[in-house]
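For the sequence shown, the residue numbers in the numbering used here are 104 to 398.
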Amino acid sequence: MAGKATQTPQVTSGLPKTDKPRGHYDIYAILEAPQELYFGDEKEVNVNVIEKVRVKIEGKEYEKCYISPTKRRGVERRCLLWSDAGGSLLMDKLSCGIPDTCCKETCPVCGVFGGLEAGQKTFIGRLTHSGGVSVEVQIALEKQRAMHPALIYKEKENNPMPYRKEYAQPGLLYPVSNHCLSITEDEFNTAAYAFLMSLNRLGAGNPKGVSLARGKWGEQEGPLLVVDAYRAPMGQRPIVSAAITSNEKAIACFTDLAGRVTETEGAVFSRSTGDAALEKLQRAAAAFEAMHLQA
Ligand SMILES: [Zn+2]
Numbered sequence: 104m105a106g107k108a109t110q111t112p113q114v115t116s117g118l119p120k121t122d123k124p125r126g127h128y129d130i131y132a133i134l135e136a137p138q139e140l141y142f143g144d145e146k147e148v149n150v151n152v153i154e155k156v157r158v159k160i161e162g163k164e165y166e167k168c169y170i171s172p173t174k175r176r177g178v179e180r181r182c183l184l185w186s187d188a189g190g191s192l193l194m195d196k197l198s199c200g201i202p203d204t205c206c207k208e209t210c211p212v213c214g215v216f217g218g219l220e221a222g223q224k225t226f227i228g229r230l231t232h233s234g235g236v237s238v239e240v241q242i243a244l245e246k247q248r249a250m251h252p253a254l255i256y257k258e259k260e261n262n263p264m265p266y267r268k269e270y271a272q273p274g275l276l277y278p279v280s281n282h283c284l285s286i287t288e289d290e291f292n293t294a295a296y297a298f299l300m301s302l303n304r305l306g307a308g309n310p311k312g313v314s315l316a317r318g319k320w321g322e323q324e325g326p327l328l329v330v331d332a333y334r335a336p337m338g339q340r341p342i343v344s345a346a347i348t349s350n351e352k353a354i355a356c357f358t359d360l361a362g363r364v365t366e367t368e369g370a371v372f373s374r375s376t377g378d379a380a381l382e383k384l385q386r387a388a389a390a391f392e393a394m395h396l397q398a
């Protein structure tokens, strides 16, 4: 290659520079639907069907209800943008919306969730979401609804269209996780706020909302929630296999894996579980409020 001028390609992440230390954060949770839920998939001749996945267990195929990662992500992002920021909504304060993401370096939403400014720049989202495959195998329930909700408020609709809608059954457990790659503590505050805010708002139409399922952490009962903050991944990840179909087994698997970590405090890896994990997320959510939701 002698004589040929070599150019170093300019490769940058495009992310805003920061003096603050970055780290990785994971949230693992088992969500419980306290009532029937609808996570829309598609409409098949007047039946709104929910999203399901097929799982092969010991040679037999089963259908399981599913909360897709794109839906969880969308609900989280909307929760952030529609939060009150001292008289205006955060989306108005930031001039950031969906799909019109602002991609400003100072935007706490685009910085974490990513954004796209047509032909200009792209922020890579550093928060990724798992889908939630229900633990138990249950047949989705189809119910008659009098009128499509989109038509209820339409004036002069003389011929209401009856339609049928499927619902995921109440009591189903959905193990999910959120992963944050190389973010600052301030950015984790955004992710924590969004995760907690989304719980009451998951589901399309009505009813909405899931809770954090509860289980035993040793002698104490608490939310099935794990929060990891780390520079290097250590320990076992509390991820429940889709092949498990018993709630008891799923919960036992989750708490057992969460307990398998040698280094729980320190700069390399720190894990919080149960009530302590919830407190960690709540403290982070309050810090987000103080930093971004004031007038
Ligand atoms: Zn933005």
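Every residue, glycine too, gets a C-beta built ideally from N, C-alpha and C. The structure presented is a predicted model; accordingly, all values stated were derived computationally and were not measured.
Let's test the definition: count the other Cβ atoms within 10 Å of the Cβ of residue 322 and tell me whether it reaches 16, buried, or not, exposed. Taking the sequence shown and counting its residues from 1, the one referred to as residue 322 is at position 219. In this structure residue 322 is exposed. Its beta-carbon is surrounded by fewer than 16 other beta-carbon atoms within 10 angstroms.
Whole-angstrom distance between residue 120 and residue 137, CA atom to CA atom: Position 34 of the sequence shown holds residue 137. Position 17 of the sequence shown holds residue 120. Taking the Cα positions, residue 137 is about 43 Å away from residue 120.
Between the C-alpha atoms of residue 166 and residue 209, what's the straight-line distance to the nearest angstrom? On the sequence shown, position 63 is the one that residue 166 refers to. On the sequence shown, position 106 is the one that residue 209 refers to. If you take the alpha carbons of residue 166 and residue 209, they lie about 43 Å apart.
Where residue 118 and residue 141 are concerned, what is the direct C-alpha to C-alpha distance, given to the nearest angstrom? Your numbering for residue 118 matches position 15 in the sequence shown. Your numbering for residue 141 matches position 38 in the sequence shown. Within the model, the alpha-carbon separation for residue 118 versus residue 141 is close to 36 Å.
C-beta contact flag for residue 172 and residue 234 at 7 Å: Walking along the sequence shown from the start, residue 172 turns up at place 69. Walking along the sequence shown from the start, residue 234 turns up at place 131. With a cutoff of 7 Å on beta-carbon distance, residue 172 and residue 234 are scored as near each other.
Please confirm whether residue 220 has its beta-carbon closer than 7 Å to some beta-carbon of chain B. Although the question refers to chain B, the structure presented lacks it and comprises just one protein chain.
Can you look up residue 375 in the DSSP assignment and give me helix, strand or coil? Start at 1 with the first residue of the sequence shown, and residue 375 comes out as number 272. Note: residue 375 maps to strand in three-state DSSP.
Where does residue 205 fall in DSSP's three states? In the sequence shown, counting from the first residue as 1, residue 205 sits at position 102. Coil at residue 205, not helix or strand.
Burial state of residue 268, where buried means 16 or more other Cβ atoms lie within 10 Å: Reading the sequence shown from its first residue, position 165 is the one you call residue 268. Buried, by the Cβ-count rule.
Alpha-carbon spacing of residue 313 relative to residue 223, whole angstroms: Position 210 of the sequence shown, counting from 1, holds the residue named residue 313. Position 120 of the sequence shown, counting from 1, holds the residue named residue 223. If you draw a straight line from the Cα of residue 313 to the Cα of residue 223, it is about 38 Å long.
Can you give the Cα-Cα distance for residue 282 and residue 331, rounded to whole angstroms? Here residue 282 corresponds to residue number 179 of the sequence shown, with the count starting at 1. Here residue 331 corresponds to residue number 228 of the sequence shown, with the count starting at 1. Roughly 9 Å between the two C-alpha positions.
If we ignore side chains and look at the alpha-carbon of each, how far apart do residue 217 and residue 286 end up? Numbered from its first residue, the sequence shown carries residue 217 at position 114. Numbered from its first residue, the sequence shown carries residue 286 at position 183. Residue 217 and residue 286: Cα-Cα distance of roughly 12 Å.
Compute the minimum distance between the beta carbon of residue 204 and the heavy atoms of ligand 1, and state whether it is under 6 Å. Within the sequence shown, residue 204 is the residue found at index 101, counting from 1. At least one heavy atom of ligand 1 is nearer than 6 Å to the Cβ of residue 204, so yes.
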